Amino acid sequence: MRLSISHDTTYHYDDQVRGSIQYLRMTPHDSERQQVIDWQLKLPRPTRAQLDPYGNILHVLTLDEPHESIVISASGQVVIDEQREAEHEAQSPLPFLRFTRLTEADEALRAFARQQCAARQDRHGLIDLMHALNAHISYQPGSTVVDTSAAQAFAGGQGVCQDHAHAFLACARSLGIPARYVSGYLFTDSHDHLASHAWAEAWVDGAWYSFDVTNCLARPERHLKLAVGLDYLDACPVRGMRRGGGGEQMCAHVLVSPVLRVQQQ
Amino acid sequence: MPRAFYDEMHLASGECRSHYREFARWLADTPTELLAQRRREADLLFHRAGITFTLYGDDQGTERLIPFDIIPRSIPASEWRIVERGCIQRVQALNMFLADLYHDQRIIKAGIVPAEQVLANEGYQMAMQGLDLHRNIYAHIAGVDLVRDGDGSYYVLEDNLRTPSGVSYMLEDRKMMMRLFPELFAAQRIAPVNHYPNLLLDTLKSSSPLDNPTVVVLTPGRFNSAYFEHAFLAREMGVELVEGADLFVRDDKLYMRTTAGAKQVDVVYRRLDDAFLDPLAFNPDSMLGVPGLLACYRSGNVVLANAIGTGVADDKSIYPYVDEMIRFYLSEEPILKNVPTWQCRKPADLSHVLANLPDLVVKETQGSGGYGMLVGPAATKAEIEAFRARLIARPEAYIAQPTLCLSTCPTFVENGIAPRHIDLRPFVLSGKETRIVPGGLTRVALREGSLVVNSSQGGGTKDTWVVED
């Protein structure tokens, strides 16, 4: 499937911002599952791309002239190989066993993971876990905030895709299975779910497999991966700081749509 | 009854050891009144110089003096040369271990260190994977904590490869002794230590590929327990002392704000933990770091000393493997001994530890500063039982060691002079070469019978002499 993405983000500030710096992970890279046909990231000033600790493509945008708004626009086309489920990697998955503040597994999450996976610590067990978490944490936009932890969302029984992914990571890691956070885009037919999306990957049978708790999908057919990390903080598309500016309004517009293939003669 | 402790000054017969003879003669000849007066003078001078230490977890929350004892800890030069070689060997191996871990991981492939133990360790930083550092040095400044057992042999208690502190006390203690008792330094050859700031600056400069890099000291600020030391070292080296807010990143380069405008910074001697360095990459709540610093560091535009991710090598769960590291990387036998260590994550080790708690010292693998440890022989029954519960709940978070009979050194206490337990922290500098100033910081446990020398736990310090014998 060939996806066309256009993602515009505009930040408006109440007052003038004296300076700002942003870590941007808004550029996908080629992998076994996805092939980037073309991609453009338009920023207020030219910025060199580099790799972050997890191998994601990172742009560091520094603005030290006063500004009242920032416009970031990413767009491009990516081909997703729908047949391929797993992604192989030479790097050891073991660093993804570690808990973070957002993915700490409390006793409730540990017990839930044990109960759902029982003795089956394989892909099937994790698929059951995915379904169970989807049932336990209902999708409720606005029910959680950006620094809600897995344990808090699990206890509250409500959350968004970020919370679903965190809860899955906490459970998988508590079982000794390396798991990581994925941020990216999802193509959906409905308007229920935002096209910017988050899901999880777990290391089973020597490769990374996807688990989208929010949509109960274990096949990442419609998922375009932007970045991975230990949790949201490592992989999120934008993480920034600024001096001055007062209040902020962020407006994001994402459009993910399939591109009809031109029939080959 | 056999003699339990090794006394630094006296032989078992009560006779004075040869390297202490000059001092003992002086002590006997000096009137008690004069000594008392000089000790009061020392307290006053330390107070005036602002050499203080902030205590964590104390509601008074304020600074206090670290007690200084005027009886020095003395080491014969022949003995020191062995300790020196041992510390250098150890730090070289640890730096090679870090370079290996963040590149080829040969030591894991060779089956010497278990993969999970290092890679899933909190101190292991993905940000360092594959990153090449100038001279392959990670721990530019290391503090190796040494103690002596009953027979006088030296043991390494732990390696400090993150932001070891205490060197300012080493320097100030010497200054104080020379000021109060100049005659002692005229009477015998005591190796100087006052060139440490020069060596440190030289080490920091040589950590950068540039010819004359701009160096700064980055402090968390005046509420940090070691703030005095950060200010002291910056002043002694003649470089800027900065806080995170004084620095900023633009286009992957680090700058400091100065009255003359922005100035690029090439080397940061940071006294700030990894988690606080860059709020955009690590702890987002950190107000102490510099947003963008990690990307700038990974682009090779600034050197951090010490490097990020050294904590994986001084973790107490990695400590048991240091002997093997020395053999693996240097093909040498370890010069200094490791304390036998039980790793509570191993079921057999755990059951041994649980059965012998009253005799053991139990430490958190990630702990430092003497917080959260159990000294079995000195603990009450209730304390032991409380610790047992913590051990059972999280065995992987603890290691245990036999209680060592730490050596003692005569020390001024309320009613005269009495033996008190001591340790030693030499500071190892790794740059073009690996160097140590003779001696280090001697800490003394002032409470009778106490084995905990940390200043946060009521420890004091002594001047440390290396004396030609």
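Order-wise, the sequence lines are chains A and B. Counting with the working numbering, you get residues 307 to 571 for the letters of the first sequence. Counting with the working numbering, you get residues 2 to 470 for the letters of the second sequence. Note that CB positions come from ideal geometry on N, CA and C, so glycine has one too. These numbers were taken from a predicted model, which means no experiment stands behind them.
Looking only at its own chain, which residues have a Cβ that is under 6 angstroms from the Cβ of residue i, when we skip the five neighbours before and after it?
i	result
residue 1 of chain B	Within the shown structure, residues of chain B are numbered from 2 to 470, placing residue 1 of chain B beyond reach of any answer.
residue 533 of chain A	331, 362, 489 and 541
residue 61 of chain B	In this predicted model, residue 61 of chain B has a pLDDT of only 47, less than 50, meaning its place in the structure is not dependable; the value taken from the coordinates is given anyway. So the list is empty, once near-sequence residues are dropped.
residue 374 of chain B	364
residue 387 of chain A	339
residue 518 of chain A	505
residue 438 of chain A	422
residue 98 of chain B	314 and 326
residue 177 of chain B	43
residue 75 of chain B	20, 21, 466 and 468
residue 358 of chain A	364
Going by C-alpha to C-alpha distance, which of the options sits closest to residue i?
i	options	result
residue 139 of chain B	B/147, B/248 and B/313	B/313
residue 535 of chain A	B/221, B/282 and B/208	B/282
residue 207 of chain B	B/47, B/409, B/170 and B/135	B/135
residue 451 of chain B	B/289, B/396 and B/419	B/419
residue 157 of chain B	B/164, B/149 and B/108	B/149
residue 185 of chain B	B/406, B/25 and B/392	B/25
residue 466 of chain A	A/481, A/480, A/485 and A/441	A/441
residue 467 of chain B	B/43, B/374, B/442 and B/151	B/442
residue 322 of chain A	A/339, A/347, A/336 and A/373	A/373
residue 458 of chain A	A/486, A/415 and A/381	A/415
residue 392 of chain B	B/409, B/353 and B/161	B/353
residue 272 of chain B	B/300, B/388 and B/161	B/161
Can you look up residue i in the DSSP assignment and give me helix, strand or coil?
i	result
residue 353 of chain A	coil
residue 8 of chain B	strand
residue 287 of chain B	coil
residue 329 of chain B	helix
residue 294 of chain B	helix
residue 307 of chain A	coil
residue 375 of chain A	strand
residue 451 of chain B	coil
residue 338 of chain A	coil
residue 190 of chain B	coil
residue 577 of chain A	Within the shown structure, residues of chain A are numbered from 307 to 571, placing residue 577 of chain A beyond reach of any answer.
Are the C-beta atoms of residue i and some chain B residue less than 7 angstroms apart?
i	result
residue 412 of chain A	no
residue 316 of chain A	no
residue 401 of chain A	yes
residue 562 of chain A	no
residue 469 of chain A	no
residue 398 of chain A	yes
residue 378 of chain A	no
residue 370 of chain A	yes
residue 366 of chain A	yes
residue 359 of chain A	yes
residue 483 of chain A	no
residue 547 of chain A	yes
I'd like the list of long-range same chain contacts for residue i, defined as Cβ closer than 8 angstroms, with 5 residues on each side in sequence excluded.
i	result
residue 327 of chain A	366, 367, 368, 369, 546, 547 and 548
residue 349 of chain A	330, 365, 367 and 378
residue 222 of chain B	228, 244 and 289
residue 455 of chain A	407, 408, 409, 410 and 472
residue 482 of chain A	403 and 427
Is residue i close to chain A, meaning its C-beta is less than 7 angstroms from at least one C-beta of that chain?
i	result
residue 292 of chain B	yes
residue 333 of chain B	no
residue 430 of chain B	no
residue 107 of chain B	no
residue 255 of chain B	no
residue 288 of chain B	no
residue 62 of chain B	At residue 62 of chain B the pLDDT is 47, less than 50, meaning the model places this residue with poor confidence; the figure from the coordinates comes in the next sentence. No, residue 62 of chain B does not count as interfacial toward chain A.
residue 261 of chain B	no
residue 59 of chain B	In this predicted model, residue 59 of chain B has a pLDDT of only 43, less than 50, meaning its place in the structure is not dependable; the value taken from the coordinates is given anyway. With 7 angstroms as the cut-off, residue 59 of chain B does not count as an interface residue toward chain A.
residue 305 of chain B	no
residue 120 of chain B	yes
residue 162 of chain B	no
Suppose the cutoff is 7 angstroms on Cβ atoms and the five residues either side in sequence are ignored; what does the same chain contact list for residue i look like?
i	result
residue 151 of chain B	5, 6, 7 and 406
residue 434 of chain B	none
residue 12 of chain B	18
* Does the count of Cβ pairs from the segment 356-366 of chain B and the segment 401-408 of chain B closer than 8 angstroms reach three? -> Yes: at least three Cβ pairs fall under 8 angstroms.
Are there three or more Cβ pairs, one per stretch, closer than 8 angstroms when the segment 118-125 of chain B is compared with the segment 328-339 of chain B?
No, because fewer than three Cβ pairs between the segment 118-125 of chain B and the segment 328-339 of chain B fall closer than 8 angstroms, the two stretches do not touch.
*Looking at C-beta atoms only, is the number of pairs between the segment 13-31 of chain B and the segment 192-199 of chain B that lie closer than 8 angstroms three or more?*
As far as the Cβ criterion goes, the segment 13-31 of chain B does not touch the segment 192-199 of chain B, which means the pair count is below three.
| So does the segment 403-413 of chain A actually touch the segment 382-391 of chain A, counting three or more Cβ pairs closer than 8 angstroms? | The count of Cβ pairs closer than 8 angstroms, one atom from the segment 403-413 of chain A and one from the segment 382-391 of chain A, stays below three, leaving the stretches out of contact.
* Asked: Does the segment 318-325 of chain B come close enough to the segment 299-310 of chain B to have 3 or more Cβ pairs within less than 8 angstroms?
  -> They do not touch, by the three-pair rule.
Quick check: the segment 284-303 of chain B against the segment 249-260 of chain B, are there 3 or more CB pairs under 8 angstroms? Yes, since at least three Cβ pairs between the segment 284-303 of chain B and the segment 249-260 of chain B fall closer than 8 angstroms, the two stretches touch.
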